Amino acid sequence: MDIDSLKYRYPLDPTTENFIFRTIREMQDLLQETVASQMKIQLPEKAQSEICQIYFYVAINIENLLDPRYKPGIDLINKNFSKQLANFQNDLQGIALSSINKGVPKAYILEYLCMYFESGYKKVFPNQPLIIG
Amino acid sequence: MITENQKHFIFDINCYYQLESQKEKFLSGKPIDILPELTFIALSANKNGQTVNWQAHYNDTYNRLKAYGLTDNWITQLKTKLNSYIGSGKTVDDFRMKFMTPIDLLISMLTDILKSVAPSIPKAEIAKSVIGDIFQKNYWNGPVVQQINTVRTLSNVVGFDTNFVIEFGKVFMQQR
Numbered sequence: 018m019d020i021d022s023l024k025y026r027y028p029l030d031p032t033t034e035n036f037i038f039r040t041i042r043e044m045q046d047l048l049q050e051t052v053a054s055q056m057k058i059q060l061p062e063k064a065q066s067e068i069c070q071i072y073f074y075v076a077i078n079i080e081n082l083l084d085p086r087y088k089p090g091i092d093l094i095n096k097n098f099s100k101q102l103a104n105f106q107n108d109l110q111g112i113a114l115s116s117i118n119k120g121v122p123k124a125y126i127l128e129y130l131c132m133y134f135e136s137g138y139k140k141v142f143p144n145q146p147l148i149i150g
Numbered sequence: 179m180i181t182e183n184q185k186h187f188i189f190d191i192n193c194y195y196q197l198e199s200q201k202e203k204f205l206s207g208k209p210i211d212i213l214p215e216l217t218f219i220a221l222s223a224n225k226n227g228q229t230v231n232w233q234a235h236y237n238d239t240y241n242r243l244k245a246y247g248l249t250d251n252w253i254t255q256l257k258t259k260l261n262s263y264i265g266s267g268k269t270v271d272d273f274r275m276k277f278m279t280p281i282d283l284l285i286s287m288l289t290d291i292l293k294s295v296a297p298s299i300p301k302a303e304i305a306k307s308v309i310g311d312i313f314q315k316n317y318w319n320g321p322v323v324q325q326i327n328t329v330r331t332l333s334n335v336v337g338f339d340t341n342f343v344i345e346f347g348k349v350f351m352q353q354r
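Quick mapping for you: the protein sequence lines, in order, are chains S and X.
Just so we're aligned, residue 18 is where the first sequence starts under the numbering used here, counting upward by one.
Just so we're aligned, residue 179 is where the second sequence starts under the numbering used here, counting upward by one.
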């Protein structure tokens, strides 16, 4: 099954989409506050978008698939956002379970979570590309 | 092949002007923009659970540049050309590229030449002679002309004088 047919057969739940959008937005704010207070730097939008993506990829345990140049971003997430990461992982597990209960095949659950993430991400960072397609 | 000290030397020069360009921000307690070498410092400090103090880094880097053997004149010229470059609306990232591209090439030329020169000749003298020839002689032919022209952009694009590049080369070659 390709992504389009997955989305067609199991449309995204708007409440969950909105939840993911808010989570990414909150992460963006928290990230900026954290790097400004601890590292005394300000991140351009591109870097913010990449780190928010890394946050998601770490949460679903596929960070090893990322290009090695994103390793500092992975370290940044693990070092500074472990509590938020644990909460996000719990939330994603809940979304995964409820999606499976609605019929989404288990084999496609990561792709399905990625669709939720992509939907929220595009609202927060409409001009920034995904680092993995 | 360049040594670890030579790598640190180049890294510190890059850090220094990147911090210099944002002095007002860190002196007033504002977060600074990320730039390549500064990002590395920020991430390393964060990894070790430390908060970055850019003012202290700026001072430490200046002291290290002096300890490598660079003069105040050299550091002042670096700052002046940087300010003039970014004052014309270009970015520090652009400056880094315009600075590092010819510098990388120059380093490669110097280290290549070093292999064929008797070890008894002081490295600083080799640097002085080679860089002087690069900027002042016009007998170059063949593929090297492209390299010579690239190194000369340090002068005709960024605005450094020949003595600035010679001092850089001498101090670079003296790092073990």
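We treat Cβ as the ideally placed atom computed from N, Cα and C, and that holds for glycine.
Bear in mind the structure is a predicted one, so any value in this text is a computation, not a measurement.
Delimiting residues of the alpha helix (DSSP H) encompassing residue i
i      : result
X/D272 : 270-293
X/T258 : 250-265
S/V141 : 126-141
S/I41  : 31-51
X/P321 : Premise fails: X/P321 is in no alpha helix (DSSP H) and is neither H nor E.
Pairwise C-alpha distance: residue j and residue i
i      : j      : result
S/P146 : X/G310 : 47 Å
X/A296 : X/K257 : 36 Å
S/L29  : S/K139 : 15 Å
S/N81  : S/K88  : 9 Å
S/Q110 : X/L216 : 37 Å
S/C69  : S/I41  : 7 Å
S/F98  : X/F313 : 52 Å
S/K119 : S/I148 : 29 Å
Buried or exposed by the 16-neighbour rule on C-beta atoms within 10 Å, applied to residue i
i      : result
X/N226 : exposed
X/M275 : exposed
X/S262 : exposed
X/D250 : exposed
X/M287 : buried
S/N107 : exposed
S/A124 : exposed
Proximity test, Cβ basis, 8 Å: residue i and chain X
i      : result
S/K57  : yes
S/P89  : yes
S/A103 : no
S/L60  : yes
S/A113 : no
S/L83  : no
S/K119 : no
S/L93  : yes
S/K96  : yes
S/A124 : no
S/A76  : no
Any chain S beta carbon closer than 8 Å to residue i
i      : result
X/W252 : no
X/P214 : no
X/F204 : yes
X/W318 : no
X/K225 : yes
X/V322 : no
X/P209 : yes
Strand pairing of residue i, partner residues [DSSP]
i     : result
S/Q59 : X/D211
heavy atom of the ligand NAP below 7 Å from residue i C-beta
i      : result
X/A220 : You won't find the ligand NAP in this model; it holds no ligand whatsoever.
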